[in-house]
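A.B. asks: There's a structure below that I have some questions on.
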Amino acid sequence: MRNLLYVFLLTLSLTASAQKDFLSESTSERDARMQWWRDATFGMFIHWGAYAVPAGVYQGKEVKGIGEWIMNSAKIPIPEYEKFVQQFNPVQFNAKEWVSIAKNAGMKYIVITSKHHDGFCIWDSKVTNYDIMDASPFKRDILKELSDACKAAGIKLCFYHSIMDWHEPDAESKKDYAHQHTPQPDFSNYRENYLKPQLKELIQKYDPAVLWFDGEWIPEWTEPQGRDLYTYLRNIKPDLIINNRVGKGRAGMQGMNKYKDAAGDFGTPEQEILEGTSDSDWESCMTMNDTWGFKKSDNNWKSSEILIHNLIDIAAKGGNYLLNVGPTAEGLIPGASVDRLKDMGEWLSINGEAIYATHSIRKYKEGNVSFTRSKDDKILYAIVTKPVTGELVLNNIEVKKGAKIKLLGLKKPLPYRVDENGVLKIQWPETLPCKYAWTVRVDGKVKA
Ligand code: H79
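Laid out in structure tokens, this is it:
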């Protein structure tokens, strides 16, 4: 009897110590874990899966809405949608080329859809046959190839993973997003014996730096389940970063948490940028046109100028920018995206100092000028987003006595004066080193 009691207590303590409570870590532990992500500032989102095959068209008709939702929007039955999976054969896919497009754009991490809502898995999964090896003719492990290419290039690889799943019968939601009608879906079976094992597999095989959840709004998913999943995943990989869609904290498309202590490490504004700075970590995910997954009819591309201005606005407000590409069914990133990413990379090769590893300032903007500051607080960056004629006038800047003011990309310092009212007046150069926006580097700060 006594022995039995010992065995019982031992088991109990082992179970308790095996599951560390990562939900209540200290600020310094959290800061250390988040450091690379905060410094990175700019990442590439990739939405890629079988939806690239229809590319927005079903039965000869254009389907409204975002490309990766076509299964739901066009009410495509599972066996019909599986035909797209059977045709998914992106023979032109070249992981090294994608990674070099991201790297040359100045992006420091990639978040790709391991599985979107449609349920199709683009890695070699032992948990399901609905994956790239067993259900498609391609039979190449996309995530493995990307993982190798990212490692070689020093880019962090991360996975978007949908909690909602329109293919797994037990994942079917009461809200019936995909119109499949399983008689008695057992969501807990899906969660414990499908979702969690797949995520464990992803971590063990490819060591992702971030897991980026989505589709958490189905009523079957709860905050306690989110907390359980968060704890489960960080017990597998302690320094893993996880977005706030792991639980139920997210307040709609605005993306920040609606209650305190919600599970997850950062807020996720979608297709929008926060109004101002925040005390929480956040990342705006946005498209370059109007779809995430490739849609052949969508040519509504944002200009390079808008994309660069968004990056500046986000960096000044202390967030990250996760900018999406939707590759084709052949495996190519659309040319329009590649062109814009090249422009962003050129701009960042001159101005990156003002973007990466900088901090935000409460008064982050004055007119057309956005501010960031170096971590040691010694350098102020004033990023000018509209052409200037004559002098750049800044009302609220304190310059260190005798300091030189420089424009990033130019050798010679810029002449300036501080007038009797303390207004800083900088002579604007005739020739500029780049297009779209220009950074003035000042030894100084924004006045309190
Ligand atoms: O993967 C991309 C999209 O497919 C996915 N998120 C990005 C990153 C996406 N799914 N849905 N939407 C975007 C728009 C849907 C919003 C809604 Fe809701 C879902 C409206 C109601 C449920 C979430 C919860 C937003 C408001 C409440």
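For the sequence shown, this note's numbering begins at 79 and goes up steadily by one. C-beta atoms are modelled at their ideal positions from N, C-alpha and C, and glycine is treated no differently. All values reported here derive from a predicted model rather than from experimental measurement.
Using only the heavy atoms of the ligand H79, determine whether one of them is closer than 7 angstroms to the beta carbon of D368.
C.D. replies: In the sequence shown, counting from the first residue as 1, residue 368 sits at position 290. Not under cutoff, so the answer is no.
A.B. asks: Between K326 and T300, how many whole angstroms is the CB-CB distance? I'm expecting something under 8 angstroms.
C.D. replies: Residue 326 sits at position 248 when you count from the first residue of the sequence shown. Residue 300 sits at position 222 when you count from the first residue of the sequence shown. Yes, they are in contact, since the Cβ atoms of K326 and T300 sit about 7 angstroms apart, within 8 angstroms.
A.B. asks: At which residue ranges does the region 146-211 contain complete beta strand (DSSP E) runs of 3 or more residues, listed in the order of the chain?
C.D. replies: Whole beta strand (DSSP E) segments, 3+ residues: 187-193.
A.B. asks: Taking D226 as the reference, give the member of I188, S438 and T206 with the closest Cα.
C.D. replies: Looking up residue 226 in the sequence shown gives position 148. It is I188 whose Cα lies nearest to the Cα of D226.
A.B. asks: Roughly how many whole angstroms lie between the Cα atoms of H195 and F372?
C.D. replies: The residue labelled residue 195 in the question sits at position 117 within the sequence shown. The residue labelled residue 372 in the question sits at position 294 within the sequence shown. Looking at the two C-alpha atoms, the distance is approximately 15 angstroms.
A.B. asks: Any idea what DSSP makes of A340, helix, strand or coil?
C.D. replies: As a working note, residue 340 is residue 262 in the sequence shown. Coil, per DSSP.
A.B. asks: Excluding the 5 residues preceding and the 5 following D521 in the sequence, name in chain order all residues of the same chain whose CB lies nearer than 6 angstroms to its CB.
C.D. replies: Within the sequence shown, numbered from 1, the residue matching residue 521 stands at position 443. Within the same chain, D521 has close Cβ partners K478 and A481.
A.B. asks: Does the region 414-429 touch the region 101-108, meaning 3 or more C-beta pairs lie closer than 8 angstroms?
C.D. replies: The answer is no - the region 414-429 does not touch the region 101-108, with fewer than three Cβ pairs under 8 angstroms.
A.B. asks: Is any heavy atom of the ligand H79 found at a distance shorter than 7 angstroms from the C-beta of G330?
C.D. replies: Working through the sequence shown from its first residue, we reach residue 330 at position 252. Yes.
A.B. asks: Closest to P316 by CA distance: which of W176, V288 and R323 is it?
C.D. replies: Residue mapping note: residue 316 aligns to position 238 of the sequence shown, counting from 1. Looking at the Cα atoms, V288 is the closest of the given residues.
A.B. asks: Can you tell me which of the three DSSP states S452 falls into?
C.D. replies: Mapped onto the sequence shown, residue 452 falls at position 374. Here S452 sits in strand by DSSP.
A.B. asks: According to the neighbour-count rule (16 or more other Cβ atoms, all chains shown, within 10 Å of its Cβ), is Y514 buried or exposed?
C.D. replies: Working through the sequence shown from its first residue, we reach residue 514 at position 436. Counting Cβ neighbours within 10 Å, Y514 comes out buried, since at least 16 surround it.
A.B. asks: Identify the residues that DSSP records as bridge partners of S438: which are they?
C.D. replies: Here residue 438 corresponds to residue number 360 of the sequence shown, with the count starting at 1. In DSSP, S438 forms no bridge with anything.
A.B. asks: Would you list the one or two residues that DSSP bridges to T517?
C.D. replies: Indexing the sequence shown from 1 puts residue 517 at position 439. The partner list for T517 (beta bridge, DSSP) reads I461.
A.B. asks: So the beta strand (DSSP E) N398 belongs to, where does it begin and stop?
C.D. replies: The sequence position of residue 398 within the sequence shown is 320, counting from 1. Here the beta strand (DSSP E) through N398 covers N398 to V403.
A.B. asks: Looking at the secondary structure, which residues open and close the alpha helix (DSSP H) in which R495 lies?
C.D. replies: For the purposes of this step, residue 495 is identified with residue 417 of the sequence shown, where counting begins at 1. First-last for R495: Y494 to V496, but that is the beta strand (DSSP E), not the alpha helix (DSSP H).
A.B. asks: Going by DSSP, what residue range makes up the beta strand (DSSP E) through D219?
C.D. replies: Residue numbering aside, residue 219 sits at position 141 when the sequence shown is read from its first letter. Unbroken run through D219: none, as it is neither H nor E.
A.B. asks: Please look up how many angstroms separate the CB atoms of I220 and K181, rounded, as I've assumed it's under 8 angstroms.
C.D. replies: Position 142 of the sequence shown, counted from the first residue, corresponds to residue 220. Position 103 of the sequence shown, counted from the first residue, corresponds to residue 181. That belief does not hold up - the Cβ atoms of I220 and K181 are roughly 18 angstroms apart, past 8 angstroms.
A.B. asks: Give the DSSP-derived three-state secondary structure of L419 in the structure shown.
C.D. replies: The residue labelled residue 419 in the question sits at position 341 within the sequence shown. Three-state result, L419: helix.
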